[in-house]
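Taking numbering that gives the first Met the number 0, I'd label the letters of the sequence shown as residues 0 to 406. In this text, a Cβ means the ideal position worked out from N, Cα and C, and glycines have one as well.
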Amino acid sequence: MVAARQVFSWEGTDKSGKKTKGELNSPNAIVARAELRKKGINPTKVKKKGSGFTLPGLGAKITPADIALFTRQLATMMKAGVPLVQSFEIVADGMDNPAMKELILKIRDEVSSGQSFAHAVRTQPEHFDDLFCNLIEAGEQSGALETMLDRLAEYKEKSEQLKGKIKSAMNYPISILVIAGIVSSILLIKVVPQFEEIFAGFGAELPEFTQMVVDMSRFMTEWWFVGLSTLAAMFFGFKEIHKRSQAFRDGKERLLLKLPILGDIIDKSCIARFARTLSTTFSAGVPLVDALESVAGAAGNVVYLEAINKIKDEVSSGIQLNTSMKASGVFPNMVIQMVAIGEEAGALDSMLDKAATYYEEMVDNSVDGLTSLMEPIIMSFLGVVIGGLIIAMYLPIFSMGDAISGK
0 MVAARQVFSW EGTDKSGKKT KGELNSPNAI VARAELRKKG INPTKVKKKG
50 SGFTLPGLGA KITPADIALF TRQLATMMKA GVPLVQSFEI VADGMDNPAM
100 KELILKIRDE VSSGQSFAHA VRTQPEHFDD LFCNLIEAGE QSGALETMLD
150 RLAEYKEKSE QLKGKIKSAM NYPISILVIA GIVSSILLIK VVPQFEEIFA
200 GFGAELPEFT QMVVDMSRFM TEWWFVGLST LAAMFFGFKE IHKRSQAFRD
250 GKERLLLKLP ILGDIIDKSC IARFARTLST TFSAGVPLVD ALESVAGAAG
300 NVVYLEAINK IKDEVSSGIQ LNTSMKASGV FPNMVIQMVA IGEEAGALDS
350 MLDKAATYYE EMVDNSVDGL TSLMEPIIMS FLGVVIGGLI IAMYLPIFSM
400 GDAISGK
């Protein structure tokens, strides 16, 4: 049975190196690439015409969790002895995210056309960082790709788990405050005006607390669009400045480390990420200086980024890693001592792995402790805000009752 031919759009370079593009009828992307090469064209992109179209903002996004899942499933397939190209097809078929499925098939097409796996992932820098690409390349060169994929999968899974813990620690109080704001706004806009109409018939002066709440209600009822516009402007302004200004992002990251409780959690997570990344890259056979460069990119905070870059420069000049870490002033003594023991015993990757596991557990415990601590505080805050509004509404009724009983 002859496969149905489809229209593929392509981009590439001709024999003179000039960029060119066009369309081609072919059964699939692999055959299309082969046909283009026969014509003397080196294809850089081959895509089925009309594929991948989504409405702006509605397309499925590829998340780091998708990449972690892909890495784990690919490692499992290869450890089971499944060939690489076939592994891509099996993993792609099991993906629920259509964008991730398309990405895997693109990588498969690159590998099928004769390119290395490392080259294929390097063509997708928005989804695969230098660390991922370098470790894949090291695995291919050493002939231990399945082992390297297994290490990468473990690294990605632990990194995502750690990021999830930090996000939950930050999102929990924010979400509660947002809910409190919404509930308070509904009470002020919808409920308080009803009470105000009742109060108008009393013909008496309202208690100060009640009058304050009534004034807030009038302001929100009449000027809600101003308040909403201001909040929206602040939100989008923050996002825009955060995206455009490196100095702003650096300042925010430095400030986060100084926050009580939360700063300590972020600090521990940076140490865990440093140890985990360096352990993974160094155990893969990547030279220490090159490994430190990858670690700096995955630091997650400008304070550690600057410290690791300085450590890398000192190590490249012959200074021991533990000595440089101690001079940086950002790493705790326990981690420095474990690195020193690892360097002395020739088991640096193993000691770094132990340090990473220890600090990941510390982050877990700290987040759990923070959540337990904040629950009663947040409940008390909600009780004061909502309860205060209710008390303000009933104070005039109590006053009227006292006046009647006094008569």
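(message) On the criterion of 16 or more Cβ atoms from any shown chain inside 10 Å, does S216 qualify as buried, or is it exposed?
(response) Around the beta carbon of S216, a 10 Å sphere encloses 16 or more other beta carbons of the protein chains shown; the residue is thus reported as buried.
(message) Could you check whether Y154 and R71 sit closer than 8 Å to each other, using their CB atoms as the reference points?
(response) Result no, Cβ atoms of R71 and Y154 do not sit closer than 8 Å.
(request) Measure the alpha-carbon distance for F218 versus G226 and round it to whole angstroms. (result) About 10 Å.
(message) Using a 10 Å radius around the Cβ and a threshold of 16 neighbouring Cβ atoms, would you call Y358 buried or exposed?
(response) Taking every protein chain shown into account, the CB of Y358 has 16 or more other CB atoms within 10 angstroms, so this residue is buried.
(request) Assign F194 to one of three DSSP states: helix, strand, or coil. (result) Residue state for F194 is assigned as helix, using DSSP reduced to three classes.
(request) Report the rounded CA-to-CA distance for V45 versus L320, giving the unit in angstroms. (result) Going from the Cα of V45 to the Cα of L320 covers about 46 Å.
(message) Could you tell me the alpha carbon to alpha carbon distance between L409 and S268, rounded to whole angstroms?
(response) Since the first residue of the chain shown is 0 and the last is 406, residue 409 is not available in this structure.
(message) Taking the straight line between their C-alpha atoms, what separation do you get for S315 and R272?
(response) Roughly 22 Å separates the two Cα atoms.
(request) Give me the Cα-Cα distance between A391 and T209, rounded to the nearest whole angstrom. (result) Pairing A391 with T209, the inter-Cα distance amounts to about 5 Å.
(message) Going by beta-carbon coordinates alone, are F87 and R107 separated by less than 8 Å?
(response) R107 sits close to F87, with the two beta carbons spaced by under 8 Å.
(request) Let me know the secondary structure DSSP gives N96 once reduced to three states. (result) Three-state DSSP puts N96 in coil, outside helix and strand.
(message) If we require 4 or more residues per run, which alpha helix (DSSP H) segments fall completely within the stretch 181 to 246?
(response) Scanning the stretch 181 to 246 for uninterrupted alpha helix (DSSP H) segments of 4 residues or longer gives 191 to 199 and 207 to 243, listed from N- to C-terminal end.
(request) Please state whether DSSP places M0 in a helix, a strand or coil. (result) Any answer about M0 is weak, because its pLDDT of 39 lies below 50 and its placement is not dependable; what the coordinates show is given next. Looking at M0 - three-state DSSP - the assignment turns out to be coil, as it is neither helix nor strand.
(request) Provide the residue(s) that pair with N321 in DSSP beta bridges, ordered along the chain. (result) BP columns for N321 are empty, so no partner.
(request) Flag this pair as yes or no: are the beta carbons of V301 and D249 separated by less than 8 Å? (result) Taking C-beta atoms as the reference points, V301 and D249 count as a pair closer than 8 Å.
(message) Is S15 close to chain C? Criterion is C-beta to C-beta, closer than 8 Å.
(response) The structure shown contains no chain C; it is built from a single protein chain.
(request) Take every Cβ of the stretch 380 to 394, pair it with every Cβ of the stretch 175 to 194, and state whether three or more of those distances are shorter than 8 Å. (result) Touching, yes, given that three or more Cβ pairs across the two stretches are closer than 8 Å.
(request) Assuming L291 and I310 form a contact by the criterion Cβ under 8 Å, report the distance between their Cβ atoms to the nearest whole angstrom. (result) Rounded to the nearest angstrom, the Cβ distance from L291 to I310 is 6 Å, consistent with a contact under 8 Å.
(request) Might you give, ordered along the chain, the residues of its own chain that have their beta carbon closer than 7 Å to the beta carbon of I340, omitting 5 neighbours on each side? (result) Contacts found: M350.
(request) Alpha carbon to alpha carbon, how far is S25 from A33? Give it in angstroms, no decimals. (result) Cα-Cα distance, rounded: 10 Å.
(request) Put P42 into one of helix, strand or coil per three-state DSSP. (result) P42 carries a strand assignment under DSSP once its states are collapsed to helix, strand and coil.
(message) Assuming A343 is part of the alpha helix (DSSP H), what are its boundary residues?
(response) The identity of residue 343 in the sequence shown is Glu, whereas the question assumes Ala. N332 to A344 is the extent of the alpha helix (DSSP H) around E343.
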